[in-house]
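Mapping of the sequence shown onto full-length UniProt numbering: position 53 corresponds to residue 53, and the numbering continues sequentially without gaps. See structure below.
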Amino acid sequence: MGQGQSKDKVDKATGMSEREKKMVLDSWHAFTKQHQDYGAVVFRALFDKHPDYISLFPKFKEKAISALPEDPKFRSHSFTVGMQLNNMIESLQHPENLLKLAVKNAEFHAKIKNVTPKHFEEFGIVIIGVLTDNQPKHMTPQALVAWRKLFELFNEQILAVFETEAESKAEGHKSSEPSRLASKSKSTTAAHSLRAGPSRSKSKRDQRKPSSVGVNKEQGKKDYGAKASSSTVTGAPKGS
């Protein structure tokens with residue numbers, strides 16, 4: 001009786017009992033034993049249910065979903081996804097490691113454009129569906145509850161990470177705004193100085209340089225005087 005109670009004692013870190021953890025692990029082990037390419041199986045199932053999700057994966061987004069199992073890039077990525085998922089599930093008995101892995105995975109994806117917590121939520125639903133179809137004996141109503149608890153835990157961690165990332169981006173945008181405005185102000189002032197500069201320089205030059213009109217008048221007087229003198233000498237009567 002005491003042993004049964006200990007199996008039903010809920011672990012505060014995960015919200016799951018030892019019995020529920022065992023149900024998850026047993027059903028997962030049966031599935032992965034039957035499908036060595038388990039990553040590709042669950043990943044392909046995700047695209048079957050949500051064809052639009054393939055646009056989030058540049059390496060094979062142009063491929064037809066039916067052709068994905070034979071695509072090397074898809075198989076490589078799905079292998080990585082499967083390993084990450086397996087590592088988290090296998091860490092159920094070590095909640096601290098489980099949460100670290102979940103957070104690390106979320107931090108990576110939070111930086112990818114257009115990826116949202118909703119995508120992870122839907123992926124969890126797909127995985128439970130694949131397990132239910134493939135392992136009906138293991139996926140009892142109690143096991144379904146256990147799996148949902150696990151993915152609720154994952155989704156909580158993922159949502160928290162995405163919210164933190166969004167807040168960080170918002171703060172970064174706010175802090176960069178004053179610098180951008182200051183830089184713009186400096187550029188505007190410099191441009192204004194450049195536009196105003198030639199006028200001031202021209203004004204100074206004009207102050208130092210005599211008016212061309214004055215110069216022409218003075219030159220005209222000199223020329224007129226010279227001509228007058230010349231006329232007086234050469235125009236004297238011949239008889240004098």
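Where a beta carbon is used, it is the ideal one built from N, C-alpha and C, also for glycine. Please read all numbers here as calculations on a predicted model, not as lab measurements.
For residue i and residue j, what's the separation of their Cα atoms in angstroms?
i: K49; j: V126; result: 8 Å
i: L131; j: K21; result: 15 Å
i: A196; j: E171; result: Only weak support is given to the placement of A196: the predicted model assigns it a pLDDT of 48, under 50, and the value that follows is read from those uncertain coordinates. Taking the straight line joining both Cα atoms gives about 38 Å.
i: F47; j: A160; result: 25 Å
i: F31; j: M23; result: 12 Å
i: P58; j: K113; result: 11 Å
i: K149; j: P141; result: 13 Å
i: E167; j: K111; result: 13 Å
i: L98; j: K61; result: 30 Å
i: N105; j: F123; result: 14 Å
i: G82; j: K9; result: 30 Å
i: E152; j: E70; result: 33 Å
i: T14; j: K100; result: 12 Å
i: V115; j: E18; result: 33 Å
i: K73; j: D37; result: 14 Å
i: T80; j: A40; result: 10 Å
i: K63; j: V42; result: 17 Å
i: R44; j: A67; result: 10 Å
i: L25; j: S78; result: 20 Å
i: L144; j: E165; result: 31 Å
i: H138; j: Y53; result: 29 Å
Below 8 Å on the Cβ atoms is my guess for residue i versus residue j; work out the distance and round it to an integer in Å.
i: S27; j: Q135; result: 5 Å
i: P117; j: I158; result: 5 Å
i: F120; j: F154; result: 7 Å
Evaluate residue i with the Cβ neighbour count: other Cβ atoms within 10 Å of its Cβ, from every protein chain shown; 16 or more gives buried, anything less gives exposed.
i: M16; result: buried
i: N87; result: exposed
i: I65; result: exposed
i: S6; result: exposed
i: K12; result: exposed
*Complete alpha helix (DSSP H) runs within the UniProt domain "Globin" (15-163) (minimum length 4 residues, chain order)*: 18-34, 38-49, 72-90, 95-110, 117-134
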